[in-house]
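With this note's numbering applied, the sequence shown has no gaps in its numbers, which climb one by one up to 477 at the end.
Scroll down for the structure; my scribbles are underneath it.
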Amino acid sequence: MSLHGLTAHELSGKLKSKEISCVELVNDIYKRIEAVEPKISAFNCLTKDLAIKQAKEIDNTVAT
414 MSLHGLTAHE LSGKLKSKEI SCVELVNDIY KRIEAVEPKI SAFNCLTKDL AIKQAKEIDN
474 TVAT
């Protein structure tokens, strides 16, 4: 499932309904960044490990 084309409202709904997790969303966004970044050079720094760590923490908080 490709998430990067969805609106913030659509993503919010999918997160609230637990149709997707924060980790899935972060991974999908980074997959898209990796695909297009060589062409557009938009980022100076990416912190994928930190983003995934924070996404896991959010998913754990929501699960409890």
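We treat Cβ as the ideally placed atom computed from N, Cα and C, and that holds for glycine.
With burial defined as no fewer than 16 other Cβ atoms inside 10 Å of the residue's Cβ, what is the status of residue i: buried or exposed?
{"i": "Val439", "result": "buried"}
{"i": "Cys458", "result": "exposed"}
Hey, could you find the ends of the alpha helix (DSSP H) residue i is sitting in?
{"i": "Thr474", "result": "Lys461 to Ala476"}
{"i": "Cys435", "result": "Cys435 to Ile453"}
{"i": "Glu423", "result": "Ala421 to Lys429"}
Should the stretch 452–466 be called in touch with the stretch 415–434, which here means at least 3 C-beta pairs below 8 Å? no
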